[in-house]
Amino acid sequence: MEDNIINVTVVDREGIEHPLLAPTDMAMNMMEVCKSYDLPVEGTCGGMALCASCHMYILSDHTLSEASEDEENMLDQAFFVKSNSRLGCQIKISEEIDGLRVQLAPVGAE
Amino acid sequence: MIHTDILIIGAGPVGLFTVFEAGLLKLKCHLVDSLGQPGGQLTEIYPKKPIYDIPGYPSVLAGDLVDNLMKQIEPFKPGFTLGERAEKLEKIDDKLYKLTTSKGTEICAPVIAIAGGLGCFEPRKPPIDNIDTYEDKGVDYIIKDPEKYRGKKVLVAGGGDSALDWSIILADIADEVALVHRRTSFRGALDSVEKVMELAHSGKINLITNAQAVGLGGNGVLKEIMIEEDGKEPYSYKVDHFIPLFGLAPKLGPIGEWGLEIKDNAIVVDTLDYSTNVLGIYAIGDINTYPGKLKLILCGFHEGTLMVQSAFKYIYPDQKLSFKYTTVAGVNGFE
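Here it is as structure tokens:
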């Protein structure tokens, strides 16, 4: 692993895998990493856990910090929520999540 | 018909402050917003969150910033059409646009300033494959008249205040009410949660937790909902109505069909004056895009300020515009 860079994989809604590099020293989160690679994650509220537009599923067996009450409340407004559902904006990029695999959750009907 | 100088679409912070800058040039403004109160995202999404990057305010609550802006623009007596979505825009004369809202209100102005933020807030629709075929045929995202459900079998989905409150109200009206929620705890107000639990206990609400609606069935008219409980095989639940209440999400909406150049869900503008590709239409704040764009309230204030200068020259090409500082000239409101 390079200094301050980790590898994460994002599976988009078409099932295509995107191996990404993410810096651990820029206070970024998974929503921001996805947006910086132009993946279709809205992140409407800008990372305040106030919308559910960065809903994703954790596919790898990493142990993440537990979802806050705010995050759980916002997940109530998401669809197809599963036990491995999280808001990308609440997943901080850190060494502990090197190798993380996530899948973007479906968005609402148009 | 309402007449004004600048018709501002979107009553968020940028739309509101633009009234002030326009007022200094003696231009009158009218604002239209699909939400029922001014403030846009600040009111709808994060009224209690502090904002730290408004110059001169080390910290200000989003809701307080909106209140302050409303006070600041008061002398310029802006008009408001709230709770109505900007729907149709027509050019009715060489230098005159007519906007028609979703409720049929008509507003005329030579200049349109789109300060629509993320777009208009609309109910979130669950991504169930055939849900649009059942809209108004059993599926409702908004409850307009609860009497519609008298004697019917209704299934409400969601875990927030509106899902709880409507389940409580419908428990008295509908023949059967079921509430489906993805977990066992609710985020709504405590007394609403208690009331729902009580009604569930007495059999007036069928509370189905750790569950989600995943499919709809019927023959043109909704008859059943497929419910998946705790990852088990989905089962069929007979209903007349499905009311998913998952809050509001912003959509670009009709603005996208006005012939404006759109890129990544935003309106392309010239940074000279934030004009769009259509003469007389400007776009300011989060809804526009240009090289180096930052979605900040601060930047939106700047954009609105420069925009009204250009709007003045467009409306009054023969008049000279002399720029005056408020510290020199004060704020002279409208009679």
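Taken in sequence, the protein lines are chains P and U.
Numbering of the first sequence is given in our numbering, commencing with residue 6 and proceeding in unit increments.
Numbering of the second sequence is given in our numbering, commencing with residue 2 and proceeding in unit increments.
Ideal Cβ positions, reconstructed from N, Cα and C, are used throughout, including at glycine.
In the DSSP assignment, find the unbroken beta strand (DSSP E) run with residue i in it and report its ends.
| i | result |
| --- | --- |
| F302 of chain U | F302 of chain U -> not in any beta strand (DSSP E); alpha helix (DSSP H) instead, spanning 298 to 316. |
| T102 of chain U | 97 to 102 |
| N207 of chain U | 206 to 209 |
| V155 of chain U | 154 to 158 |
| Q108 of chain P | 105 to 109 |
| M53 of chain P | It is not in any beta strand (DSSP E) - M53 of chain P carries neither H nor E in the DSSP assignment. |
| D65 of chain U | From DSSP, D65 of chain U is part of no beta strand (DSSP E) but of the alpha helix (DSSP H) over 63 to 74. |
| S90 of chain P | 90 to 92 |
| Y236 of chain U | 236 to 239 |
| K50 of chain U | Run containing K50 of chain U: none; DSSP gives neither H nor E here. |
| P111 of chain U | Looking at the DSSP string, P111 of chain U is not in any beta strand (DSSP E), and its letter there is neither H nor E. |
| E230 of chain U | 223 to 230 |
Output yes if chain U places a C-beta closer than 8 angstroms to the C-beta of residue i; else output no.
| i | result |
| --- | --- |
| D8 of chain P | no |
| T14 of chain P | no |
| M61 of chain P | no |
Flag residue i as yes if its beta-carbon sits less than 8 angstroms from any beta-carbon of chain P, otherwise no.
| i | result |
| --- | --- |
| R125 of chain U | yes |
| K50 of chain U | yes |
| L322 of chain U | no |
Alpha carbon to alpha carbon, how far is residue i from residue j?
| i | j | result |
| --- | --- | --- |
| L217 of chain U | I132 of chain U | 7 angstroms |
| D8 of chain P | V86 of chain P | 35 angstroms |
| I170 of chain U | F84 of chain P | 25 angstroms |
| E91 of chain U | C30 of chain U | 18 angstroms |
| E71 of chain P | A114 of chain U | 44 angstroms |
| Y58 of chain U | Q73 of chain U | 15 angstroms |
| T5 of chain U | C109 of chain U | 6 angstroms |
| I96 of chain P | S237 of chain U | 36 angstroms |
| C94 of chain P | S311 of chain U | 39 angstroms |
| K126 of chain U | L253 of chain U | 15 angstroms |
| Y62 of chain P | L25 of chain U | 51 angstroms |
| Y315 of chain U | I10 of chain P | 52 angstroms |
| E136 of chain U | I288 of chain U | 29 angstroms |
| G37 of chain U | E225 of chain U | 34 angstroms |
| G232 of chain U | F77 of chain U | 57 angstroms |
| C50 of chain P | V157 of chain U | 26 angstroms |
| S35 of chain U | G104 of chain P | 43 angstroms |
| S276 of chain U | Q320 of chain U | 20 angstroms |
| K138 of chain U | I46 of chain U | 30 angstroms |
| G260 of chain U | R86 of chain U | 18 angstroms |
| F335 of chain U | I256 of chain U | 30 angstroms |
| G293 of chain U | I102 of chain P | 31 angstroms |
| T272 of chain U | S58 of chain P | 29 angstroms |
| P48 of chain U | L249 of chain U | 15 angstroms |
What does residue i reach in chain U if we use C-beta pairs closer than 7 angstroms?
| i | result |
| --- | --- |
| N78 of chain P | R188 |
Quick one: which chain U residues come within Cβ less than 9 angstroms of residue i?
| i | result |
| --- | --- |
| D81 of chain P | G159, G160, G161, A164, H182, R183, R184, F187, R188, F247, G248 |
| V107 of chain P | Here the premise fails: no neighbours, minimum Cβ distance about 18 angstroms. |
Taking the alpha helix (DSSP H) that residue i belongs to, which residues open and close that run?
| i | result |
| --- | --- |
| P14 of chain U | 14 to 25 |
| K138 of chain U | Where K138 of chain U is concerned, there is no enclosing alpha helix (DSSP H), given that its DSSP letter is neither H nor E. |
| T327 of chain U | 327 to 330 |
| Q42 of chain U | 42 to 45 |
| N78 of chain P | 74 to 80 |
| H1 of chain U | One cannot answer for residue 1 of chain U here, as it falls past the ends of chain U, which runs 2 to 336. |
| K252 of chain U | Counting along the chain, K252 of chain U falls outside any alpha helix (DSSP H), though it belongs to the beta strand (DSSP E) covering 249 to 252. |
| L165 of chain U | 162 to 174 |
| E37 of chain P | 35 to 41 |
Taking residue i as the query, report the chain P residues whose CB atoms sit under 7 angstroms from its CB, ordered along the chain.
| i | result |
| --- | --- |
| P251 of chain U | T49 |
By the criterion of Cβ-Cβ separation under 8 angstroms, what are the contact partners of residue i in chain U?
| i | result |
| --- | --- |
| C56 of chain P | I46, A250 |
Can you pull the chain P neighbours of residue i, defined as C-beta to C-beta under 8 angstroms?
| i | result |
| --- | --- |
| L119 of chain U | T49 |
Looking at chain P, which residues of the stretch 183 to 216 of chain U have a Cβ within less than 9 angstroms of any of its Cβ atoms? Correct list: R183, R184, S186, F187, R188, Q213, V215.
Selection of the stretch 21 to 47 of chain P by Cβ proximity to chain U, strictly under 7 angstroms: Going along the stretch 21 to 47 of chain P in chain order, one finds no residue with a Cβ nearer than 7 angstroms to chain U.
Where the stretch 128 to 143 of chain U meets chain P: residues whose CB sits under 9 angstroms from a CB there: Close to chain P, meaning a Cβ-Cβ distance shorter than 9 angstroms, are the following residues of the stretch 128 to 143 of chain U: P128, I129, D130, I132, D133.
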